[in-house]
Every structure is written in structure tokens, then in C-alpha cells.
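Chemist: The working numbering puts the first residue of the sequence shown at 3, with every later residue one more than the last. If you scroll down you'll find the structure; I have some questions about it.
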Amino acid sequence: MIRLHQIIAILLIFSSCNSDGERKETTENDNWYKGPIIDMHMHAESDNTLPPEKLALCLPLSNLVPHFDPKEEFGKVWDSTLKNPRCKTPIYSSTTFEDYSLRIQDQLNKLNVTPVVSGSQSILEEWSTKFGDKIIPSIEFNLERDSISVDSLKAIINTHDIKVFGEISNQYAGIAPNDPRMDSYYAMAEALNIPIAIHLGTGAPGSPYLFSPKYVAAYSNPLLLEEVLKKYPRLRISVMHYGEPFIDEMITMMYHYPQIYVDLGGIQWAYPSDYFYEFHLKKLISAGFGKRIMFGSDTFIWPELLEKSIEIINNAEFLTTEQKADIFYNNAARFLRLKK
Ligand SMILES: [Zn+2]
């Protein structure tokens with residue numbers, strides 16, 4: 003989703019407690035999916051991006067700060083929330099890459115997950131050393147933050163065998179998906195035949211008051227991609243966080259532009275499960291797009307968000323095992339054109 007300071011804010015956003023502050027116990031149901039998983043949305047952390055002290059995440063993120071009086075400073079409220087969790091079993095962040103990578107490794111092995119890992123070139127190199135070909139590298143990009151030319155980016159993609167161009171996080175800088183400054187980058191991705199993954203949707207609660215004063219919630223709207231997809235019809239695109247909560251706009255875009263895929267992008271832990279199931283996941287499935295929804299945990303400084311995310315999808319009783327297999331693996335394998 004974003005970087006360290008942003009991450010710290012987000013941490014608080016996505017903690018998983020029920021109304022009593024307890025994480026819900028889950029048991030494996032009859033159609034629990036146990037096959038291989040591709041996570042389309044993991045962020046690569048390093049010693050430089052992990053917070054210096056342990057931060058405690060309680061879920062769901064949407065009510066991490068249940069109410070707020072603007073006489074206070076939101077950043078202080080946010081920090082306090084992460085340091086004083088209200089749930090009994092929060093997820094704690096790691097403070098060192100050594101500990102973090104061990105926990106990630108444990109998650110990947112235990113849950114049989116191959117992640118698409120988004121990061122800077124230098125951090126991706128660190129992860130490649132640590133995880134080898136167990137990860138699929140994705141180069142992150144923010145037009146305002148990363149002053150990198152199209153040619154330089156293209157060289158990185160080719161030299162380091164980068165498989166995905168994303169997460170494109172321009173929304174945090176107040177840059178719309180159809181901003182003409184992105185044209186040459188989209189053209190490059192189309193020409194290189196590399197899929198792009200773009201952030202459209204919810205960030206951390208209170209983002210504009212934390213780390214992204216330029217964040218524009220309205221730019222979550224997937225209709226803003228229409229002009230882009232007319233200009234670049236061969237662009238392979240994953241809409242991260244499925245443009246949440248613009249679900250009807252997402253549906254009409256998936257209908258009219260059949261090349262669009264979406265990833266769940268952590269929204270499963272951002273909101274209470276009942277809301278996510280009923281108004282988002284079930285709606286996308288009911289509209290007929292079960293072959294274009296991809297699993298995405300949005301794991302960052304809290305490794306166990308991966309496990310939690312898988313659990314939430316597996317607990318969706320309206321999904322068949324076949325539909326879960328599509329979400330967890332088949333759709334991403336097709337989107338990425340993985341060799342069988
Ligand atoms: Zn994101």
C-alpha cells in the first residue's frame with residue numbers, strides 16, 4: 003500500500019477485533035481451500051521501512067479509531083491507538099528485517115503462498131537474496147516520489163526481470179489515474195507487455211491527516227481508467243483494492259473492459275467481514291466476475307495479515323471451493339501468464 007510512515011498509519015487501520023475487542027476464532031469449513039495461493043499484493047519491507055518500535059494492529063481497520071474530535075490531532079490519536087491496542091490479540095509488527103523475513107517465510111511456507119512483492123529496486127534485490135525465486139518481483143511507483151524516467155524504469159524492469167509494474171500509488175500524491183503525465187509509463191507497460199497494478203481505493207483511515215496530505219479519495223473511482231484503457235487497449239491491468247468502495251463503477255468497468263482484473267488488496271481486513279462479503283465480494287461474484295478477482299493480502303509490516311486474509315476469504319460461506327481456487331490461484335496465474 004505504501005511506505006513506512008504510511009504503513010504505521012495503516013497498521014492501526016487494519017487490526018482485527020470484533021466488537022468485543024477479540025479476534026474471532028475460526029474453524030475450517032467443508033470447502034476450505036488448501037491448494038497453492040498467489041498473493042497479488044504484498045509489500046517488501048526492509049530495516050529502513052519497518053517501524054523502530056512494535057506497533058499493535060487490531061482489525062478491522064475501519065473502526066480502529068471509532069470516533070474523532072478534531073480538537074485533537076489525528077496523528078497523535080492514531081499513534082496512541084497503535085501503541086495501546088484495544089483488542090486482546092493484536093498482530094505486532096517486527097522491528098528488524100531479520101525477524102520480519104523469518105515471519106514472512108513462515109507464512110509463505112505454512113500457507114503455500116507465492117507472493118507478488120512490491121518494492122523499490124534496492125529492497126527487491128534484498129528480498130531476492132533472501133527468498134530467491136519464491137517471490138514474483140513488482141516495481142513500485144509513485145510519480146511524485148520517484149523521479150525516474152520511462153527509459154530508466156524500462157531498464158530496471160528488463161535488467162531485473164520485474165514481472166509487474168506496481169503498486170502505482172499516485173493516488174496518495176493526489177494524481178489521478180488518467181493524469182496525462184502517466185501516459186508514457188502506460189505506453190511503456192503496454193509495449194513491454196508487463197501488467198500494471200494500480201492503487202484505487204481506500205488507504206489508511208485519516209490518510210490526508212497522517213502521511214498523505216494530497217490523498218484524494220475521489221480518485222478511487224474506476225471510471226477514471228476509462229480514458230486510459232481507450233488509449234492503451236492492450237494494457238494488462240489489475241485494479242488493486244478493486245476501487246473500493248466504488249463497487250458499481252468497478253462492475254461497469256469490468257463489464258465494458260473485459261481485460262480488467264481486480265485484487266482484493268486487504269479490504270477483507272479493512273472492514274468488518276459481513277460488510278465486505280455482502281456488499282463487495284458477493285456483488286462482484288454475483289455480477290459474473292469470479293474469473294477476474296484475485297487474492298491480495300496487502301501484507302506489509304504485519305506478516306500475519308497474510309494468514310488473516312486467507313482465513314477471511316475461506317470463511318465466505320457463499321463461495322464454492324472452485325470459486326475460492328479461482329480467487330486464490332487460477333485467476334492470478336492466468337493474469338500473470340504463468341507457465342504451467
Ligand atoms: Zn494500495
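Backbone N, C-alpha and C fix where the C-beta goes; we use that ideal spot for every residue, glycine too.
Out of curiosity, what's the CA-to-CA distance linking D32 and I314?
Modeler: Using only the alpha carbons, I get a separation of about 15 Å.
Chemist: Note down the Cα distance separating E229 from I249, rounded to an integer number of angstroms.
Modeler: Going from the Cα of E229 to the Cα of I249 covers about 19 Å.
Chemist: Using the rule of at least 16 other Cβ atoms within 10 Å of the residue's Cβ for burial, across every protein chain shown, is S209 buried or exposed?
Modeler: Classification for S209: buried.
Chemist: Output the distance between the C-alpha atoms of I312 and L321, rounded to the nearest integer angstrom.
Modeler: Looking at the two C-alpha atoms, the distance is approximately 13 Å.
Chemist: Could you tell me the alpha carbon to alpha carbon distance between G176 and P215, rounded to whole angstroms?
Modeler: One C-alpha to the other measures close to 9 Å.
Chemist: Thinking C-beta only, is K56 closer than 9 Å to S95?
Modeler: Result yes, Cβ atoms of S95 and K56 sit closer than 9 Å.
Chemist: Do V118 and H43 have their C-beta atoms within less than 9 Å of each other?
Modeler: Yes, these two residues count as a Cβ contact at 9 Å.
Chemist: Do the segment 49–64 and the segment 182–197 meet, that is, are 3 or more Cβ pairs less than 8 Å apart?
Modeler: No contact exists between the segment 49–64 and the segment 182–197.
Chemist: Please report the residue range of the alpha helix (DSSP H) in which V230 lies.
Modeler: Where V230 is concerned, the enclosing alpha helix (DSSP H) stretches over E228 to K233.
Chemist: I think I295 touches N333, with their Cβ atoms under 8 Å apart; what is that distance to the nearest whole Å?
Modeler: Their Cβ separation, rounded to whole angstroms, is 6 Å, which keeps I295 and N333 in contact under 8 Å.
Chemist: Does the segment 47–55 come close enough to the segment 68–83 to have 3 or more Cβ pairs within less than 8 Å?
Modeler: Too few Cβ pairs lie closer than 8 Å, so no.
Chemist: State the Cα-Cα distance for the pair E128 and Q325, rounded to the nearest angstrom.
Modeler: Rounded to whole angstroms, E128 to Q325 spans 35 Å at the Cα level.
Chemist: What are the residues that DSSP puts in a beta bridge with K45?
Modeler: Correcting the residue identity first, residue 45 is His in this sequence and not Lys. In the DSSP output, where bridge partners are listed per residue, H45 has S120.
Chemist: Output the residue ranges of the alpha helix (DSSP H) runs that lie fully inside the segment 154–234 and measure 4 residues or longer, sorted by chain position.
Modeler: Listed in chain order, the complete alpha helix (DSSP H) runs (minimum 4 residues) inside the segment 154–234 are 185–194 and 228–233.
Chemist: In whole angstroms, what is the alpha-carbon distance linking D181 and H243?
Modeler: Roughly 20 Å between the two C-alpha positions.
Chemist: Based on the DSSP output, what are the partners of T301 in its beta bridges?
Modeler: Looking at the DSSP assignment, T301 forms a beta bridge with M44.
Chemist: Once you ignore the five residues that flank T301 on each side, which residues in its own chain have a CB closer than 6 Å to its CB?
Modeler: Excluding sequence neighbours, T301 sits near M44, L307 and L308.
Chemist: For a test of the three-state rule: what should DSSP assign to Y35, helix, strand or coil?
Modeler: Residue state, collapsed to three classes: coil.
Chemist: Looking at C-alpha atoms only, which residue of K85, K285, V115 and G203 is the closest neighbour of N223?
Modeler: Nearest option by C-alpha distance: G203.
Chemist: List the DSSP bridge partners of P139.
Modeler: Partner(s): V119.
Chemist: Excluding the 5 residues flanking Y273 on each side, which residues of the same chain have their C-beta closer than 7 Å to its C-beta?
Modeler: Around Y273: P62 and S64.
Chemist: In whole angstroms, give me the CA-to-CA distance for P68 and R339.
Modeler: Taking the straight line from one Cα to the other gives about 42 Å.
Chemist: What three-state label does DSSP hand E24 in the structure shown?
Modeler: Caution is warranted here: a pLDDT of 40 is assigned to E24, below 50, making its placement in the model unreliable, and the coordinate value is therefore given only provisionally. Residue state, collapsed to three classes: coil.
Chemist: Starting from Y277 and walking both ways along the alpha helix (DSSP H), at which residues does that stretch end?
Modeler: Note, Y277: alpha helix (DSSP H), S275 to F278.
Chemist: Is M242 near ligand 1 - that is, is its Cβ less than 8 Å away from at least one heavy atom of it?
Modeler: The answer is yes for M242.
Chemist: Nearest by alpha-carbon distance to Q173: which of D153, A206, V218 and R147 is it?
Modeler: It is V218 whose Cα lies nearest to the Cα of Q173.
Chemist: Within the continuous alpha helix (DSSP H) that includes I312, where are the two ends?
Modeler: That run of the alpha helix (DSSP H) goes L307 to N316.
Chemist: Relative to the C-alpha of I269, which residue among F99, P247, P260 and A199 is closest?
Modeler: Of the candidates F99, P247, P260 and A199, the one whose C-alpha sits nearest the C-alpha of I269 is P247.
Chemist: Tell me whether D101, by its Cβ, gets closer than 8 Å to a heavy atom of ligand 1.
Modeler: Because no heavy atom of ligand 1 lies under 8 Å away, the Cβ of D101 does not count as near it: no.
Chemist: Report yes if the CB atom of L226 is closer than 9 Å to the CB atom of A178, and no otherwise.
Modeler: Against a cut-off of 9 Å, the Cβ pair of A178 and L226 comes out as a contact.
Chemist: Between E30 and R147, what straight-line distance do the alpha-carbon atoms span, to the nearest angstrom?
Modeler: The alpha-carbon atoms of E30 and R147 are separated by roughly 43 Å.
Chemist: For L283, which residues does DSSP report across the bridge?
Modeler: Note: L283 sits in no beta bridge, so no partner.
Chemist: Between the C-alpha atoms of F278 and D71, what's the straight-line distance to the nearest angstrom?
Modeler: When rounded, the distance between both Cα atoms is 27 Å.
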